[in-house]
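A.B. asks:
Numbering (our numbering), first residue to last: 561 to 896.
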């Protein structure tokens, strides 16, 4: 399969995502402090923008870890399906902060220094700090890339990003990528400003850094919003659940499933099944219990499975009324 092949694999990927967040947090704390000191010493607008970027990233990693913790709370009567979407909520907040604070402050500082350019002092210090920052961010990027690569399997980068159900897995990678690009932009701007005695270029670099952060934030916000609203589970999971039901004795027709992803490792499933007309009520109940047991044993990600007895014609009509087309997957009929 092109996505994670098993629930155990998804759990492993989830742990890898957490490790990437911890790695990014450790790197950003060191980098943020170093950049801020360098910005104060040199007076560079681009360096100050980079310091703000790193502090925002540090806060973002803390929020993502908080989201992980909140999403792990047990279900209760008020939230019967748990708190899984807390992670999606905090991921959306992270994207907003990156846009409002990271991009906003960088662009503001850049415009200020373009209108009132100030010469950069102690350029050598700036280069040294940027070089160290690149090493720290690069190490964090490698950890994030490994976690994301493990999650995407054989999918292309963009498709894996669009289909991912684990925001921190791609958020850390996108933030670190933006950080590396920002460092290169800052270094280029400072070099040109110093070489040509045009400090206005330092402000231009700061604006460019802000634009990089803004684009990154918009992409992350769009994907986080989609997950927060509610996306379906992976097609592979839907197909696997339908296959389990199709193999159950007494099942005549499996009308696919309606699903909702509640968290990276939590899915809600509603399954449409037509049972053999010869089955009694007790037999149908036993069949449903067997399907539920097998599905949850094979796919622990399924936190709730609802089975609706429904003929194939009723299923097709329900799909037409709801979507005007197919449900999450193809309907399957058991062999005679």
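All C-beta atoms in this analysis are idealised placements derived from N, C-alpha and C, irrespective of residue type, glycine included.
Nothing here was measured: the structure is a model prediction, and the numbers come from that model.
1. Distance, Cα to Cα, residue 644 vs residue 686?
2. Rounded to a whole number of angstroms, what is the C-alpha to C-alpha distance between residue 782 and residue 809?
3. Rank 882, 729, 798 and 829 by C-alpha distance to the C-alpha of residue 582 and give the top, closest one.
4. What is the residue span of the alpha helix (DSSP H) that residue 807 lies within?
5. Which residues in the same chain have their Cβ closer than 7 Å to the Cβ of residue 803, if we skip the five residues on either side of it in sequence?
6. Under the DSSP definition of a beta bridge, which residues are partnered with residue 828?
7. Nearest-angstrom Cα distance between residue 845 and residue 656?
8. Pull up the distance between the alpha-carbon of residue 841 and that of residue 860, whole angstroms please.
9. Looking only at its own chain, which residues have a Cβ that is under 7 Å from the Cβ of residue 876, when we skip the five neighbours before and after it?
10. With a 10 Å radius around its C-beta and 16 neighbouring C-beta atoms as the bar for buried, classify residue 607 as buried or exposed.
11. What did DSSP end up calling residue 580 once you bin it into helix, strand or coil?
12. Are the CB atoms of residue 683 and residue 760 within a distance shorter than 7 Å?
13. Where does residue 811 fall in DSSP's three states?
14. Let me make sure I understand the geometry here. Which of 857, 883, 794 and 766 has the alpha-carbon closest to that of residue 711?
15. Tell me the start and end of each unbroken alpha helix (DSSP H) in the region 603-647 that is at least 4 residues and wholly inside, in chain order.
16. Using the three-state DSSP reduction, which class does residue 801 fall into: helix, strand or coil?
17. Applying the criterion that 16 or more other CB atoms from any shown protein chain within 10 Å of the CB defines a buried residue, is residue 565 buried or exposed?
18. As a quick exercise: from 867, 863, 785 and 717, pick the residue whose alpha carbon is nearest that of residue 848.
19. So for residue 678, helix, strand or coil by DSSP?
20. Smallest Cα separation from residue 676: which of 817, 762 and 619?
21. Where does residue 649 sit, in a helix, a strand or coil, going by DSSP?
22. What are the boundary residues of the alpha helix (DSSP H) that includes residue 720?
23. Within the same chain, show all residues whose beta-carbon is closer than 7 Å to that of residue 623, passing over the 5 residues directly before and after it, in chain order.
24. Would DSSP call residue 890 helix, strand or coil?
25. Is it buried or exposed, residue 681, if we count other Cβ atoms within 10 angstroms and call 16 or more buried?
26. Under a three-way DSSP split, which group does residue 869 fall into?
C.D. replies: This is what the structure gives:
1. Approximately 43 Å, taken between the alpha carbons.
2. The straight-line gap separating the alpha-carbon atoms of residue 782 and residue 809 is approximately 43 Å.
3. The shortest C-alpha to C-alpha distance from residue 582 to any of 882, 729, 798 and 829 is the one to 729.
4. Looking at the DSSP string, residue 807 is not in any alpha helix (DSSP H), and its letter there is neither H nor E.
5. Excluding residues up to 5 positions away in sequence, nothing lies with its Cβ nearer than 7 Å to the Cβ of residue 803 in the same chain.
6. 820 and 864, per the DSSP bridge assignment.
7. Approximately 47 Å, taken between the alpha carbons.
8. Looking at the backbone, the Cα of residue 841 and that of residue 860 are separated by about 28 Å.
9. Within the same chain, no residue comes within 7 Å of residue 876 by CB-CB distance, once the 5 residues on both sides are set aside.
10. Residue environment analysis places residue 607 among the buried positions, since at least 16 neighbouring C-beta atoms fall within 10 angstroms of its C-beta.
11. Three-state DSSP puts residue 580 in a helix.
12. The answer is no: Cβ separation not under 7 Å.
13. Under the three-state reduction of DSSP output, residue 811 falls in the strand class.
14. Per the Cα distances, 794.
15. With a minimum length of 4 residues, the continuous alpha helix (DSSP H) runs that stay inside the region 603-647 are 605-631.
16. In the three-state reduction of the DSSP assignment, residue 801 falls in the helix class, which pools H, G and I.
17. With a pLDDT of 35 at residue 565, under the threshold of 50, the modelled position of that residue is not reliable, and no figure is offered here.
18. Nearest option by C-alpha distance: 867.
19. Residue 678 falls in the coil class under three-state DSSP.
20. Per the Cα distances, 762.
21. Helix at residue 649.
22. From DSSP, the alpha helix (DSSP H) with residue 720 extends over 717-723.
23. Excluding sequence neighbours, residue 623 sits near 650, 653 and 654.
24. With a pLDDT of 47 at residue 890, under the threshold of 50, the modelled position of this residue cannot be trusted; read the value that follows with caution. DSSP, reduced to helix, strand and coil, places residue 890 outside both helices and strands of the structure shown, so it counts as coil.
25. By the neighbour-count criterion, in which 16 or more other beta carbons inside 10 Å mark a residue as buried, residue 681 falls on the exposed side.
26. Three-state result, residue 869: strand.
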